[in-house]
Each structure stands twice: as structure tokens, then as C-alpha cells.
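A quick write-up on the structure given underneath.
Residue numbers (the numbering used here), protein chains in the order written: chain A, 8 to 326; chain B, 710 to 1014.
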């Protein structure tokens, strides 16, 4: 019997070999996907960032003309707005990410408790994610416009209202009551900030909820039997058990705020516009916007790697 | 809750103290009514913030046209009517692609995309979290990097790749990239990290194959994770309009049709409000359904260490 199993094992792979093999097998669909949709993308963008993209209306395609580092030179040293936008975006990120993380963890802990209508309230906190889609937002804009007295009479600032209850209407109300404008400004800023934080926390709350639910209840039971207070249980059980997902959420939030940031907005806006070169050929600004995307991605990556490294030192894995 | 406790503590005798301790303990298990009310109020404040757009959407969908254009605007509907929905269906019948086709397209894209992503992400996450194999660290860093490199700024390369694959103007142009969505993998990996190694080792010793371990041990133990992933991916795919990839009208998803109605402007206001409610209702329903399936897992319940 013993000999037989030994023989069998010698024929096949070793345990270690099997582990490696199955590891690659499991991960291969992913690798193919990432090669196709990430590496090719990255490579293509890199090539574009070093070239002028000249549209050829006769053929219906485009051709590339080597531009060297000129796109990079332009965005970093000639064009004033890119640097400023990038700095602002990073600064916003630094302020918003901790706020969003604290708020979403706090909300997740509250929503994890048992109370009537819990499922509904959880859905409500996920609503901003659902409603923040282009189709729904476009329709909401139309409706807001109508509610404010017909589409034509509405200035674009009001049209852009994202909810039925935006900061502008509150400001209007308060100034009618005779409140000093500095106070109103402060309140508006606070509300707008709160609103932004809540809007950006939907996914994070959901991830934290899942993390909280993955904590075995027996741990809390033991803590309670041993006489730990709720405060102790939070710091000694909840936080360590949730910590891997704090890392996930921080990384997700950084990416999410970055993707919505001003610098990406302007990159995207620029992408399909055309500019004219000094010799009169019309080129697509995709080359320059690729350079912008790459530079800002690299900067954001550095932030991401630093923050990730910092947090992962404190992450506790149950094993 | 605290006030009550302090009142009791005022005339604390040793016996009372013991009683108080007992009361405290039971309180921790079932919170008092006042505590619940406070909690509920606190959550409500934030909930009102986020639910306003939806309330507005629902209310608008049932408003008759005269109320939709009323100034100053009404927040709640006064004379609810279903005429907006019938308008929408009449409008949709006029189009040469039936409304049901858009709905079907949305479900095909969302369904296959979500399922495929769940499979890819959770299978790839398992070895990343639990096996040791070469380039593991490198691969994981690539995942994080891929998260960063937003698809929003890679419009042109993405289009070229999709065209080169020959899947342009098919469902796959939208579905396949969704499979490789990096957040899902990251999420699954972090959760699988928490599954006790000893559980997997014992299964391995009992002769279970890696696939069996993944399906029967790891996946049930990270149920909250993959339900969350399904919710996120469902939401992400439900809202795609197909963009430049789905050019044939009969392949376009529901959100595209809704967008078209919204572009119709004031004349389509009623139908637009109804269509918006339908678009929003599906992911909300799905969310409530999926969330209710998430219950506490028992990863360590069978363990004796």
C-alpha cells in the first residue's frame, strides 16, 4: 500500500509542482485578460504619447509621426494648466480619501447592526453609485431643468444640479433668512463636502459590510465571555479583521477619486479634439492626452504604492 | 441608555451593582429602544441625503405632465398617474428595435459579464492568496497597477484592440473587458487571505483537488465577498451604453435607449421620467436581493487550534 502511493506520487508532479501548476491554471484566464486589455492598452498609449496622430480622411484611418518627447515637454513645461490640475487632483485625493474611509467604515459598522429595514437602508447608501450613471444623471438634469421653470430659462449652473436638494437652493434659502454670507459659504462648503463624501462612499460601505460579515461571530462571543468591552472588541477584533479590506478600500478610493479628478476630466475632454501642427497638418490630440494620462497615472501610482506600503505594514491577516 | 444606568448606579449597593453588571451585559446583546431610535435617526439624516434623487425619480415617474412642468416645482406627486409609462411604451413601439430587445441586451451583457468576471476573478484570486508560485508578487502588483490605469483615458487603444480581436460590434466587445476588471480580483484576494490555511490544508490532505477546494471550501467561505463583487459588477455593466463598440441598434443596451429618450428633451419628459425609474429599479432590486443573501460566514467554526 505504502509502496503503491509512493510510486504514484513519483509518476505525477510533486505536491509543490502541483501547487504551482494549478496556480498558473487558475490564474491563466485572468492573465490573458490582463494582457489583452491592460498591457496592450498601456503599450499602445505609450506609443501614442511619443507620436503625433495624423488623421487620414481619405483612408479613414490614421498614421503616426514621431514626436519624441515633445508631448511630455509640452504638458510639463509649456502648458501651465496640467501641472496645476495634477497637483490639485492629488491634493484633493489626500484630503478626501481619509474622510471617505472613516465615513464608510463608520457607516458600515452602523449598518451591520440588526435593525428594522436594514436591507433597505443599505440599498439607500448604495444609491449614489446607482444614480451616478450617465444615463440617469442626464435624465435627472433634464427633470431638474424642467422643475426650475422650463429648460430654456435655466442657466447651466442650475441645470447641473445633481440632486433635488443641492447646495445652491440651501444657500438661497439661508440668505433669504438674513444669514451673513461668510457663514453661508462655510455651511455650503461643509454640506457640499459631506455630500461628496457620502456620494463617493457607496462601494466602500459595501466592501466594509462584507468584511464585517466575514468576521466569525464566535470571536465576539469569546470576547464578551472574557469580559471585553465593546470598545476593546472594536479595536482588538473588528479593526484587525477588517484591516485587509481597509487596504482594499484605500486603494479603491484613491483610484476612484483619481479617475473622477480634474486632471483625468481634462485629459478625457482633450482626447478626441484636433489641433493643428506648425506645418498645418491636423493632428488628433490623442498623443498629448496619452502623455497626460501616463504622467498623471504614474504620479498617482507613486501615491498609491506609498500609501499601500504604509498601510500594509499594519494589515493583519488571519493565519 | 447611559442615563438610565447612572440613575440605577446612584443607590448602588453590592447587590445592585451585580444586578447592574448583569443588566449591562444583556444590554450589549439587545440594545435598548432609545439606542435604536437614536441610531435610526442618525442613519436617516444621511439616508435622506442619498435617497433624494431616487425619491424625485419615483415621484416624477408618476406625475402627470402638468405637474412635471409646474413652477414652483412639486417634490411629491399629487395626482399619480401611469400615463408616463404608457407614453414610454408607445414611444418604444415606434422604434424599429422593440423595447424588449434593449432589455434583453442589457440582461445578456450584464449577466454574462458578471458571471464571467466572478469566475475569472475568484479563480485567479485563489492561487494569489493561498498558493505559492513564481511571479506571484509581480502579478499582484500588476493587478494594483491595472486598477490605476483607468479605462477612461485609453479609449483609442481599447478600440484598436477590440477591433483587432474582431469582436467589434458584438456583445463581447463590452463583456470581455469586464472579465478583467481588476477591483474584483483585488477584493477576492483580500477576502481569501482570511480563510484559514489549516482548512485548505486539511482538504488537501484528504485528497481534494485544487478545483474542488476552490469550489467547495474557499468560495462558500468568502460568500460576502463574491456577493459584493456581483453587486459591483452588475451595477457597472448595467449602466454601460455600449459606447463606440456596439454600433448596431439591435445590440444596444437599455441605458442607451433611455439616453436617447432623454435627448428628446421637453417633449419626452414624461416618458423619460418613467424610463429612468425602470433603469434605476433593476440594479436597486438586484442590490436588495443580493445583500439579503449575505450572512455571516463560519470560516473558523470547524477549527480547533
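Glycine residues also receive a C-beta, built at the ideal position from the N, C-alpha and C atoms. All of these numbers come straight from a predicted model, not from anything done at the bench.
To the nearest angstrom, how far is the alpha carbon of residue i from that of residue j?
{"i": "residue 232/A", "j": "residue 240/A", "result": "11 angstroms"}
{"i": "residue 762/B", "j": "residue 138/A", "result": "8 angstroms"}
{"i": "residue 918/B", "j": "residue 845/B", "result": "21 angstroms"}
{"i": "residue 118/A", "j": "residue 243/A", "result": "20 angstroms"}
{"i": "residue 41/A", "j": "residue 855/B", "result": "8 angstroms"}
{"i": "residue 1000/B", "j": "residue 48/A", "result": "35 angstroms"}
{"i": "residue 323/A", "j": "residue 839/B", "result": "15 angstroms"}
{"i": "residue 317/A", "j": "residue 837/B", "result": "21 angstroms"}
{"i": "residue 21/A", "j": "residue 30/A", "result": "14 angstroms"}
{"i": "residue 936/B", "j": "residue 998/B", "result": "10 angstroms"}
{"i": "residue 71/A", "j": "residue 38/A", "result": "29 angstroms"}
{"i": "residue 79/A", "j": "residue 73/A", "result": "13 angstroms"}
{"i": "residue 172/A", "j": "residue 913/B", "result": "For residue 172/A, the pLDDT reaches just 48, beneath the cut-off of 50, and the residue's location in the model is therefore unreliable, although a value from the coordinates is still provided. When rounded, the distance between both Cα atoms is 57 angstroms."}
{"i": "residue 790/B", "j": "residue 987/B", "result": "16 angstroms"}
{"i": "residue 796/B", "j": "residue 186/A", "result": "45 angstroms"}
{"i": "residue 229/A", "j": "residue 948/B", "result": "44 angstroms"}
{"i": "residue 268/A", "j": "residue 63/A", "result": "33 angstroms"}
{"i": "residue 830/B", "j": "residue 901/B", "result": "12 angstroms"}
{"i": "residue 849/B", "j": "residue 960/B", "result": "35 angstroms"}
{"i": "residue 282/A", "j": "residue 930/B", "result": "55 angstroms"}
{"i": "residue 805/B", "j": "residue 957/B", "result": "12 angstroms"}
{"i": "residue 874/B", "j": "residue 825/B", "result": "18 angstroms"}
{"i": "residue 25/A", "j": "residue 247/A", "result": "33 angstroms"}
{"i": "residue 226/A", "j": "residue 216/A", "result": "17 angstroms"}
{"i": "residue 116/A", "j": "residue 760/B", "result": "20 angstroms"}
{"i": "residue 812/B", "j": "residue 876/B", "result": "21 angstroms"}
{"i": "residue 170/A", "j": "residue 847/B", "result": "Residue confidence is low: residue 170/A scores 43 on pLDDT, short of 50, so the model does not pin down where it sits. Its coordinate-derived value is still stated next. So the alpha carbons of these two residues sit roughly 43 angstroms apart."}
Mind checking whether residue i and residue j have CB atoms under 8 angstroms apart?
{"i": "residue 325/A", "j": "residue 903/B", "result": "yes"}
{"i": "residue 896/B", "j": "residue 869/B", "result": "no"}
{"i": "residue 962/B", "j": "residue 815/B", "result": "yes"}
{"i": "residue 1003/B", "j": "residue 925/B", "result": "no"}
{"i": "residue 55/A", "j": "residue 279/A", "result": "no"}
{"i": "residue 954/B", "j": "residue 883/B", "result": "yes"}
{"i": "residue 942/B", "j": "residue 893/B", "result": "yes"}
{"i": "residue 220/A", "j": "residue 81/A", "result": "no"}
{"i": "residue 253/A", "j": "residue 108/A", "result": "yes"}
{"i": "residue 218/A", "j": "residue 249/A", "result": "yes"}
{"i": "residue 256/A", "j": "residue 111/A", "result": "yes"}
{"i": "residue 45/A", "j": "residue 743/B", "result": "no"}
{"i": "residue 801/B", "j": "residue 808/B", "result": "yes"}
{"i": "residue 818/B", "j": "residue 880/B", "result": "yes"}
{"i": "residue 132/A", "j": "residue 749/B", "result": "no"}
{"i": "residue 751/B", "j": "residue 130/A", "result": "no"}
{"i": "residue 758/B", "j": "residue 768/B", "result": "no"}
Give the C-beta separation of residue i and residue j to the nearest angstrom, bearing in mind that I take them to be a contact with Cβ-Cβ under 8 angstroms.
{"i": "residue 262/A", "j": "residue 303/A", "result": "In fact, because the Cβ distance is near 12 angstroms, the residues do not count as touching under 8 angstroms."}
{"i": "residue 259/A", "j": "residue 210/A", "result": "7 angstroms"}
{"i": "residue 971/B", "j": "residue 981/B", "result": "5 angstroms"}
{"i": "residue 786/B", "j": "residue 771/B", "result": "5 angstroms"}
{"i": "residue 213/A", "j": "residue 53/A", "result": "Actually they do not touch by this definition, with Cβ atoms about 34 angstroms apart."}
{"i": "residue 777/B", "j": "residue 978/B", "result": "5 angstroms"}
{"i": "residue 291/A", "j": "residue 89/A", "result": "Between residue 89/A and residue 291/A the Cβ distance is about 18 angstroms, and since that is not below 8 angstroms, they are no contact."}
{"i": "residue 832/B", "j": "residue 33/A", "result": "5 angstroms"}
{"i": "residue 755/B", "j": "residue 222/A", "result": "The Cβ separation is near 24 angstroms, so there is no contact."}
{"i": "residue 189/A", "j": "residue 866/B", "result": "Between residue 866/B and residue 189/A the Cβ distance is about 49 angstroms, and since that is not below 8 angstroms, they are no contact."}
Using the beta-carbon count (16 or more within 10 Å), is residue i buried or exposed?
{"i": "residue 835/B", "result": "buried"}
{"i": "residue 967/B", "result": "buried"}
{"i": "residue 113/A", "result": "exposed"}
{"i": "residue 134/A", "result": "buried"}
{"i": "residue 828/B", "result": "exposed"}
{"i": "residue 650/B", "result": "The displayed coordinates of chain B run from 710 to 1014. Any statement about residue 650/B would go beyond what the structure contains."}
{"i": "residue 265/A", "result": "buried"}
{"i": "residue 76/A", "result": "exposed"}
{"i": "residue 104/A", "result": "buried"}
{"i": "residue 92/A", "result": "buried"}
{"i": "residue 906/B", "result": "exposed"}
{"i": "residue 969/B", "result": "buried"}
{"i": "residue 35/A", "result": "exposed"}
{"i": "residue 102/A", "result": "exposed"}
{"i": "residue 319/A", "result": "exposed"}
{"i": "residue 746/B", "result": "exposed"}
{"i": "residue 245/A", "result": "buried"}
Report whether the distance from the Cβ of residue i to the nearest heavy atom of the ligand FMN is below 7 angstroms.
{"i": "residue 23/A", "result": "As for the ligand FMN, it is missing from this structure, which has no ligand bound."}
Pick out the complete alpha helix (DSSP H) segments inside the stretch 53-134 of chain A, 4 residues or longer, and give them in chain order.
77-80 and 87-119
Minimum length 3: unbroken beta strand (DSSP E) runs contained in the stretch 233-269 of chain A:
none
Segments assigned alpha helix (DSSP H), at least 4 residues, entirely inside the stretch 929-967 of chain B:
932-947
Completely contained beta strand (DSSP E) runs for the stretch 826-903 of chain B, where each covers 3 or more residues
none
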